[in-house]
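**Q** Counting in the numbering used here, the sequence shown runs from 130 upward without gaps. My questions all concern the structure below.
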Amino acid sequence: MNISAQLSRRSLLMGVAGASALASCGGGGGGGVSSPVSSGSTASSSSTASASGPTLPDPATAPALKTHFNGKFLVGMTAEPSEINSAISQPVLKAHVNSMTAENCMKPHAIGTSAGVYNYTLADQVIAFASANNIAVRGHTLLWHQSAPDWFFVGDSTSATYRATVQARLERYITDVVTYFKGKVYAWDVVNEPTSDSAGSPYRNSRWYQVLGADYIEIALRAARAADPTVKLFINDYSTENADKLARLMSLVDTLLTRGVPLDGIGHQLHITTTWPPVANVRAAFQTVETRGLINHVTELDVSLYGSDPGSCFGTPATGCAPSLTEGTAAYWDSIRAQALQYRAMFDLFASQPSVKSVTTWGVADNHTWLSSFPVNRLNHPLLFDTTGKPKSAFWAVVNPTFVP
Ligand code: G3I
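Written as structure tokens, this is what we have:
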């Protein structure tokens, strides 16, 4: 099966999985696709199974990521408010990032208590920490099918005024929230994951789509622009490295641009694995976006240690997932090595693409990651820093081209 066919199969399976709370998120699962880690990077790798990891440089000599990539792109990480004060995450954030994203507390279910009633308590903690440490904030997210409180949709859906009522609630929410954070965030994921995982209509069949049709995206973007004329407006989605998914996303985007809808860029989540995707797919996604005059942000990067999950692992129920790795085993270190090479390949690509303005990992360190429970509960260490907050092989592979993981 060629790569494109495997991707189509994976997308289809992930689309089926969309019924569960998290299953429609991007995730691991290369579906047996061969390794993409050759990317023109200068590193060599050892493929010999070893029950120990490589010797790592002294953490005290680690360069700050934000400095290393200065002039290329902002370096970001996502965090929960609790991580801002944690002994593991806080030093990493302070040392390495000049951008951050709230993992959950700026989503509609966190802020939108009811129509016109907002809870900014946790979001304010993230903003205050960022401000105190000269860190810019990406806003995530104003509209997402997985975070759509029922109050938006209350009412008689058969009444003649229902559609206008829901639209007005959406416009009010976006206007109020964007106004509140004006000057405090530099970009918003205005609409998160609007693209279908199946062939056919480019639009995800979400509640928003069912009530407002494709117009909901335009409504959201126009409201955001009206509330803040300068904040960068994004559509954020996963699997943009899949050519079919990318084509559907761009079809949706082209419709918006033709209508003169304000949009500055595309967010590529990049929840990837040790074996997927090839660098060429990600490059193609960036370049396709560029042709529309838009910029690119990498918004949710992580590299799962599981590169061989079958598509059914992303179904509901999740079946056939690779068994949990055990830290310290030869298989674990092999995955850590492959992960380092994948991270190097991706950051080399990001640095070579001037349209990439911001790169965010979905988490700070391996002690806190959504991949510990998705697609199943198992050990996963998908970030650049280990469970104690020390730089991993992946970190050194990114900042030092001669480091051999
Ligand atoms: O805070 C409650 C806690 O009080 C409660 O005891 C516990 C019981 O389950 O749930 C806690 O909330 C969880 C929350 O994360 C904080 O840990 C929610 O159940 C859980 O659904 C939520 O998951 C988040 C998910 O989005 C859904 O909002 C993940 O942390 C977050 O990493 C994930 O992020 C998404 C991006 O927004 C969009 N792209 C995909 C990405 C990964 O799924």
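Where a beta carbon is used, it is the ideal one built from N, C-alpha and C, also for glycine.
According to DSSP, simplified to helix, strand and coil, what is K223?
**A** On the sequence shown, residue 223 is found 94 positions in, with the first residue counted as 1. Helix.
**Q** Hey, is K236 close to the ligand G3I, as in C-beta under 7 Å from one of its heavy atoms?
**A** The residue you call residue 236 lines up with position 107 of the sequence shown. Yes; taking the cut-off as 7 Å, the Cβ of K236 has a heavy atom of the ligand G3I nearer than that.
**Q** Are the beta-carbon atoms of F524 and A191 separated by less than 8 Å?
**A** Against the sequence shown, residue 524 aligns to sequence position 395. Against the sequence shown, residue 191 aligns to sequence position 62. Cβ atoms of F524 and A191: closer than 8 Å.
**Q** Please classify R377 as buried or exposed, where buried requires at least 16 neighbouring CB atoms within 10 angstroms.
**A** The residue labelled residue 377 in the question sits at position 248 within the sequence shown. Looking at its Cβ environment, which holds 16 or more other Cβ atoms inside 10 Å, R377 is buried.
**Q** May I ask whether a heavy atom of the ligand G3I can be found less than 7 Å away from the beta carbon of N233?
**A** As a working mapping, residue 233 is identified with position 104 in the sequence shown. Yes, Cβ of N233 sits closer than 7 Å to a heavy atom of the ligand G3I.
**Q** Run the proximity test for N263: is its beta-carbon closer than 7 Å to any non-hydrogen atom belonging to the ligand G3I?
**A** Translated into positions along the sequence shown, residue 263 becomes position 134. No, the beta carbon of N263 sits no closer than 7 Å to any heavy atom of the ligand G3I.
**Q** Under a three-way DSSP split, which group does V493 fall into?
**A** For the purposes of this step, residue 493 is identified with residue 364 of the sequence shown, where counting begins at 1. If DSSP states are grouped into helix, strand and coil, V493 belongs with coil.
**Q** Pull the bridge partners of D393 from the DSSP assignment, please.
**A** If you number the sequence shown from 1, residue 393 lands on position 264. Note: D393 sits in no beta bridge, so no partner.
**Q** Is DSSP giving S228 helix, strand or coil here?
**A** The count along the sequence shown starts at 1 and reaches residue 228 at position 99. Strand, per DSSP.
**Q** Is DSSP giving T190 helix, strand or coil here?
**A** Walking along the sequence shown from the start, residue 190 turns up at place 61. Three-state result, T190: helix.
**Q** Given a threshold of 16 other Cβ atoms within 10 Å of its Cβ, counted over all protein chains shown, does P504 qualify as buried or as exposed?
**A** What you label residue 504 is simply residue 375 of the sequence shown in a count that begins at 1. Counting Cβ neighbours within 10 Å, P504 comes out buried, since at least 16 surround it.
**Q** Which of the three DSSP states is assigned to G169 in this structure?
**A** Here residue 169 refers to the residue found at position 40 of the sequence shown. In this prediction, G169 scores a pLDDT of 31, lower than 50, which makes its location untrustworthy; the coordinate-derived value is nonetheless stated afterwards. Looking at G169 - three-state DSSP - the assignment turns out to be coil, as it is neither helix nor strand.
**Q** Distance check for N425 and A474, CA to CA, integer angstroms please.
**A** Position 345 of the sequence shown, counted from the start, is the residue given in the question as residue 474. Position 296 of the sequence shown, counted from the start, is the residue given in the question as residue 425. A474 and N425: Cα-Cα distance of roughly 17 Å.
**Q** For the beta strand (DSSP E) that V432 lies in, which residues bound it at each end?
**A** One-based indexing of the sequence shown puts residue 432 at position 303. 424 to 433 is the span of the beta strand (DSSP E), which, as asked, contains V432.
**Q** Nearest CA to the CA of K521: which residue from V246, L500, V493, N506?
**A** Indexing the sequence shown from 1 puts residue 521 at position 392. Closest option to K521, Cα to Cα, is V493.
**Q** Going residue by residue through the region 449 to 487, where are the continuous alpha helix (DSSP H) segments of at least 4 residues, counting only ones entirely within it?
**A** Those alpha helix (DSSP H) runs which fall completely within the region 449 to 487 and span 4+ residues are 459 to 481.
**Q** Enumerate in chain order the residues of its own chain whose CB-to-CB distance from D383 is below 6 Å, with the five nearest sequence positions on each side excluded.
**A** As a working mapping, residue 383 is identified with position 254 in the sequence shown. Closer than 6 Å at Cβ, skipping near neighbours: no residue.
**Q** Reducing DSSP to helix, strand and coil, say where H269 ends up.
**A** Indexing the sequence shown from 1 puts residue 269 at position 140. H269: strand per DSSP, three-state reduction.
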